[in-house]
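From first to last, the protein sequence lines are chains A and B.
Numbering-wise, the working numbering puts 198 at position 181 of the first sequence, and it's gapless, one number per residue.
Numbering-wise, the working numbering puts 72 at position 37 of the second sequence, and it's gapless, one number per residue.
Ideal placement from N, C-alpha and C gives every residue a C-beta, glycine not left out.
See structure below.
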Amino acid sequence: MWSFFHKLGSPPWLYSIAGTILRWLLPITLVVLVAGAVWGLLYTPPDFRQGNSYRIMYIHVPTAVVALAGYYVMAIAGAISLIWRMKMADVAMRAAAPIGAMLTFLALVTGAIWGKPTWGTWWEWDARITSMLVLFFLYLGVMVLYDAYDNKEAAGRACAVLSLVGTVNIPIIYKSVDWWYSLHQPASIKFTGESTIDSSMLYPLLLMIVAFYALYTCCLLMNMRTELLRREARTGWVRRLIVEEGKG
Amino acid sequence: MYFDSWQAALVMDGHGGFVWAAYAITTLGVVWMLVYPAWSRRRALRQLAVAVRREQARADSAQGVR
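This is how it looks when you write it as structure tokens:
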């Protein structure tokens with residue numbers, strides 16, 4: 018158990034294991050993504066009230082769900098790097114921010130496009146949408162803050178604090194549709210109790226959520242590898258890696 | 036397929052524009068999320084290789100002087 022944590026703190030080990038995982042996970046992710054999108058677009062029945070516009074759900078819900086989950090990843094990594102000064106946690110936090118920003122952006126845009134035919138408006142300053150916009154700015158804030166510091170250790174600490182403070186927003190996003198009466202519909206999938214969605218729509222949606230989690234993992238590992246190369250540029254293992262790549 | 040024809044799948048009873056636009060934007064976003072990190076890792080490796088070669092050359096010429 019402890020040796021595993023020890024390895025986790027070792028950059029060359031992390032770099033190579035991430036490469037091995039990606040070689041398998043990346044093709045699987047792409048297949049599942051395409052399969053889920055085609056299923057949702059063409060092989061599911063239309064919603065009895067919203068018609069065909071609801072098909073946007075198959076991308077809107079997964080991007081939003083993973084954007085939120087991604088914030089946990091970033092904040093927990095930030096906490097670990099603050100408390101235990103674990104370098105790899107700092108790498109993970111930095112790698113997580115741009116992915117979360119992109120997913121939040123996609124959730125907002127697809128939500129706006131879904132809102133037009135369904136609610137008659139692209140944008141509404143309701144609680145769910147506004148708190149998602151705040152999430153987007155939090156992700157951007159972490160990215161910008163990191164680049165603002167020349168001292169990368171100080172940058173890591175500042176970003177970790179910002180991402181931890183930002184976790185206040187997460188329960189607000191989750192609960193916003195229950196606390197405030199708004200245009201945004203409440204969740205249809207529930208872990209406890211009956212889901213209010215038919216299985217013909219539930220299965221492709223679940224598949225897409227899995228696909229986006231896999232996509233998130235792939236992007237996180239890819240970003241972490243780049244970040245490792247940058248930070249460890251002066252070390253022996255990176256030198257050896259470059260020589261090997263140069264030969265191949 | 037749920038739709039009778041590709042034509043119907045494109046139009047989706049008037050919602051086609053919204054649905055396809057949302058999928059197109061998401062596709063672009065996903066492609067960017069995958070291509071950009073791959074590209075930036077390649078770039079980092081290239082830059083490091085250049086730095087290593089330069090150092091090597093400097094070390095070699097220093098030896099030549101001696």
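Just to make sure I have the definition right: I need the residues of chain B whose C-beta is within less than 7 Å of the C-beta of valine 255(A). Which are they? Translated into positions along the first sequence, residue 255(A) becomes position 238. Per Cβ cutoff of 7 Å: Leu83.
Straight-line Cα distance separating tyrosine 75(A) from valine 54(B): Here residue 54(B) refers to the residue found at position 19 of the second sequence. Here residue 75(A) refers to the residue found at position 58 of the first sequence. Roughly 10 Å between the two C-alpha positions.
Within 9 Å of any Cβ in chain B, is that where the Cβ of phenylalanine 122(A) sits? For this step, residue 122(A) is matched to residue 105 along the first sequence. Interface annotation, phenylalanine 122(A): in contact with chain B, CB-CB separation under 9 Å.
What residue does the alpha helix (DSSP H) around valine 185(A) start on, and which one ends it? If you number the first sequence from 1, residue 185(A) lands on position 168. Per DSSP, valine 185(A) lies in no alpha helix (DSSP H) and is assigned neither H nor E.
Would you call the region 88-103 of chain A and the region 75-90 of chain B touching, i.e. three or more CB-CB distances under 8 Å? With a cut-off of 8 Å, the region 75-90 of chain B and the region 88-103 of chain A do not count as touching, because too few Cβ pairs lie within range.
Neighbour flag for arginine 93(B) against chain A, beta carbons, 9 Å: Taking the first residue of the second sequence as position 1, residue 93(B) is located at position 58. Chain A, which has no Cβ nearer than 9 Å to the Cβ of arginine 93(B), makes this no.
Own chain partners of isoleucine 226(A) with C-beta closer than 8 Å, once the 5 adjacent residues on each side are dropped: Position 209 of the first sequence holds residue 226(A). Counting only Cβ-Cβ distances below 8 Å, and skipping sequence neighbours, we find Val78, Pro79, Val82 and Val83.
I'd like to check one pair, alanine 129(A) with tryptophan 139(A): are the Cβ atoms closer than 9 Å? Along the first sequence, read from residue 1 onward, the residue named residue 139(A) stands at position 122. Along the first sequence, read from residue 1 onward, the residue named residue 129(A) stands at position 112. For tryptophan 139(A) and alanine 129(A), yes; Cβs fall inside 9 Å.
Within 9 Å of any Cβ in chain B, is that where the Cβ of valine 161(A) sits? Start at 1 with the first residue of the first sequence, and residue 161(A) comes out as number 144. Chain B contact via Cβ: absent.
I'd like the span of the alpha helix (DSSP H) that includes arginine 111(A), first residue to last. As a first step, residue 111(A) is located in the first sequence; it is residue number 94 there, counting from the start. Counting along the chain, the alpha helix (DSSP H) containing arginine 111(A) begins and ends at 104-136.
Tell me the DSSP bridge mates of glycine 68(A)? For this step, residue 68(A) is matched to residue 51 along the first sequence. Looking at the DSSP output, glycine 68(A) bridges to Asp64(A).
Pick out whichever of Met241(A), Tyr220(A), Met149(A) and Tyr156(A) has its Cα sitting closest to the Cα of isoleucine 189(A). Position 172 of the first sequence, counted from the first residue, corresponds to residue 189(A). Comparing Cα positions, the closest option is Met149(A).
So, for tryptophan 254(A): in the same chain, excluding its five sequence neighbours on each side, which residues have a beta-carbon less than 6 Å away from its beta-carbon? Within the first sequence, the letter at position 237 stands for residue 254(A). Closer than 6 Å at Cβ, skipping near neighbours: Pro29.
Leucine 246(A) - containing alpha helix (DSSP H), residue span: The count along the first sequence starts at 1 and reaches residue 246(A) at position 229. Judged by DSSP secondary structure, leucine 246(A) falls within the alpha helix (DSSP H) whose first and last residues are 216-248.
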